[in-house]
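Reviewing the structure listed below.
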């Protein structure tokens with residue numbers, strides 16, 4: 395973990411080295427100033443020597459200015475180093491997240507990833523800043539102050555040693571309990587972020603079902619849990635100050651009592667006693683700073699572990715050692731494929747998401763895929779572009795195992811329009827060019843014509859320059875689907891997968907899209923997942939799925955004669971215009 399974190403320092407290494415140097419020089423001057431003050435009092439003020447007063451005063455002023463300058467340099471260096479360190483952490487996490495397979499994303503919740511990139515990184519940034527400055531300043535100041543106390547009067551230094559033991563024991567008991575509480579805080583942060591994310595992303599559903607009160611209660615429970623943990627932790631930490639004040643005042647009383655006796659006996663000067671008062675405060679404040687550093691480091695240790703998990707996570711799906719970059723054609727073949735979403739299925743769980751799936755699709759063929767919810771349709775097509783990897787068997791594209799191909803080349807050749815259609819902030823052209831950054835406006839218009847999207851785009855006041863709001867909220871579900879299909883076509887793939895991507899379109903529009911694909915894209919292999927028979931009945935062949943198993947693969951006419959499940963689907967949809975999910979097994 396330490397090695398992973400130190401690698402993220404990168405270009406900020408020099409600032410990270412200079413910060414402790416400037417801080418050490420600042421501390422040396424801070425510690426020497428009280429010693430010079432003692433000389434000013436004893437040799438100047440007490441002796442009535444104004445020359446000594448001016449001399450020692452000038453030295454103190456110079457030291458104060460130098461200490462200020464070193465402090466400014468340390469502050470600038472630590473800000474540069476800590477901010478850069480945090481920026482590198484976020485970049486490293488984000489780069490690795492972009493490499494994640496779907497299975498890796500499933501492993502970490504979206505809310506958890508957001509917490510790691512915000513709260514956890516902020517915690518590490520603060521920790522790094524404290525490590526560079528305070529963890530140098532506090533121990534160094536503590537040691538130098540103790541040395542100066544011993545130089546001035548070793549007898550009175552025993553008071554500091556006793557005080558340090560008492561304070562250290564008290565702080566250890568407080569901090570060890572606080573540390574355990576902070577380890578639970580980030581779990582509560584994940585719960586809180588998840589509640590916020592779900593509510594905001596589904597705000598239309600929340601309002602449509604009048605569930606605001608329920609969502610408020612759910613958020614309140616998450617916030618209450620975080621609140622209670624922080625109250626317990628902060629209540630314990632608040633004991634630090636009363637304990638320190640008790641020890642400090644005890645030291646001052648003891649120093650005043652014994653110091654007065656030593657001054658009367660002539661073994662201690664007034665200036666030396668004044669310096670000892672300053673040093674005792676410095677020693678005890680350093681101990682307090684060290685206790686706070688311990689809390690901060692304990693808290694940030696949990697953050698460091700969570701951040702390093704993301705940076706060190708090895709994606710389940712990676713490029714082969716010697717990838718193939720050329721996909722010869724759009725043929726698809728499944729050979730005895732079995733797939734489980736969980737690598738360690740629970741005992742007694744139902745069978746795999748896909749089980750012993752085998753079929754072959756010729757290049758340029760149009761294949762419909764139909765089946766009930768949870769039958770494995772989406773899982774099937776996700777395996778073609780290696781969004782997931784098979785557990786057993788193999789998937790072939792262009793006659794080769796998909797694991798042999800370069801991931802970028804494969805995913806450019808297999809264009810998938812997923813069930814959840816996502817549009818991004820920007821113009822319609824910006825969104826279309828996600829499919830091909832070099833596409834001309836004419837290319838985009840042609841793709842939109844094939845996807846039957848041009849008809850509504852032309853009616854918009856700004857046409858293809860119309861701004862799409864975040865998430866595509868200013869277009870309808872059917873319009874969003876057609877834009878996503880056009881975006882996929884711009885990749886000019888060998889295989890086009892439509893995963894229930896026309897479900898929000900009316901039947902006439904769906905039919906026009908299917909006809910355009912048949913007439914204009916005859917060389918492209920097309921897999922059309924749908925719930926409606928009308929969306930797939932004109933396909934070359936139809937794949938019928940039920941509970942992860944292929945129950946039929948033939949033409950519409952042949953399936954009507956031989957496949958009982960397909961017959962039932964057709965009967966229900968023809969009778970009451972229902973869809974497959976109304977089938978009762």
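In our numbering, the protein residues as written are 395 to 979.
Even glycine gets a Cβ: it sits at the ideal position worked out from N, Cα and C.
(Q) What residue range does the alpha helix (DSSP H) around residue 439 cover? (A) Careful: residue 439 lies outside any alpha helix (DSSP H) and carries neither H nor E.
**Q.** Neighbourhood of residue 435 by C-beta distance below 8 Å, restricted to the same chain and skipping five residues each side
**A.** 663, 664, 665 and 668
Q: List the whole-angstrom C-beta distance separating residue 730 from residue 750, where the pair is believed to meet the contact cut-off of C-beta under 8 Å.
A: 6 Å
Q. With respect to the beta strand (DSSP E) encompassing residue 814, which residues constitute its N-terminal and C-terminal limits?
A. Segment: none, residue 814 is in no beta strand (DSSP E) and carries neither H nor E.
Q.
Going by the DSSP bridge assignment, what does residue 924 pair with across the sheet?
A. 764
Q) Hey, quick one: how far does the beta strand (DSSP E) through residue 411 stretch, first residue to last? A) Note, residue 411: premise wrong, no beta strand (DSSP E); alpha helix (DSSP H) at 407-433.
Q. What is the DSSP secondary structure of residue 962, counted as helix, strand or coil?
A. helix
Q.
Would residue 683 and residue 532 be called neighbours here (beta carbons separated by less than 7 Å)?
A. yes
Q. Under the three-state reduction of DSSP, which class applies to residue 918: helix, strand or coil?
A. coil
Q.
With H, G and I counted as helix, E and B as strand and the rest as coil, what does DSSP make of residue 947?
A. strand
Q) For residue 721, which three-state DSSP category applies? A) coil
Q: Can you say whether residue 523 is buried or exposed, counting buried as having 16 or more other CB atoms within 10 angstroms of its CB?
A: buried
Q | Three-state secondary structure (DSSP) of residue 788 | A | strand
Q: Return the first residue and the last residue of the alpha helix (DSSP H) that residue 835 is part of.
A: 835-844
Q | Residues that residue 821 bridges to, as DSSP identifies them | A | 861
**Q.** Strand pairing of residue 799, partner residues [DSSP]
**A.** 718
Q: Evaluate contact between the stretch 456-465 and the stretch 413-433, counting only Cβ atoms and requiring at least three cross-stretch pairs below 8 Å.
A: yes
**Q.** Assigned exposure category for residue 834 - 16 Cβ within 10 Å defines buried
**A.** exposed
Q: Identify, in the order they occur along the chain, each residue of the same chain with its Cβ nearer than 7 Å to the Cβ of residue 709, setting aside the five sequence neighbours on each side.
A: 493, 494, 495 and 498
Q: Could you work out which residue in 888, 918 and 879 is closest to residue 894 when comparing CA atoms only?
A: 879
Q. Where DSSP assigns a beta bridge to residue 733, which residues make up the other side?
A. 748
Q: Starting from residue 935, follow the beta strand (DSSP E) in both directions and report where the run begins and ends.
A: 935-940
Q.
According to DSSP, simplified to helix, strand and coil, what is residue 911?
A. helix
Q) Where residue 535 and residue 543 are concerned, what is the direct C-alpha to C-alpha distance, given to the nearest angstrom? A) 12 Å
Q) Are three or more beta carbon pairs between the stretch 712-729 and the stretch 790-806 nearer than 8 Å? A) yes
Q.
Let's test the definition: count the other Cβ atoms within 10 Å of the Cβ of residue 395 and tell me whether it reaches 16, buried, or not, exposed.
A. exposed
Q | Beta-carbon proximity of residue 846 to residue 903, cut-off 7 Å | A | yes
Q: Determine which residues share a DSSP beta bridge with residue 809 and list them.
A: 890
Q: Using beta-carbon positions only, say whether residue 568 and residue 630 come within less than 7 Å of one another.
A: yes
Q: Just mark residue 651 as buried or exposed, buried being the case when its beta carbon has 16 or more other beta carbons within 10 Å.
A: exposed
Q: Compare the Cα-Cα distances from residue 653 to each of 963, 671, 964 and 566 and report the closest residue.
A: 671
Q.
Taking 6 Å as the limit between beta carbons, can you name the residues of its chain near residue 529, skipping five residues before and five after?
A. 687
Q) By DSSP, does residue 728 sit in helix, in strand, or in coil? A) strand
Q: Following the continuous alpha helix (DSSP H) through residue 534, name the residue where it begins and the one where it ends.
A: 515-546
Q. Per the contact definition of three or more C-beta pairs closer than 8 Å, is the stretch 851-860 in contact with the stretch 815-831?
A. yes
Q.
When you compare the CB positions of residue 875 and residue 850, do they come within less than 7 Å of one another, or not?
A. no
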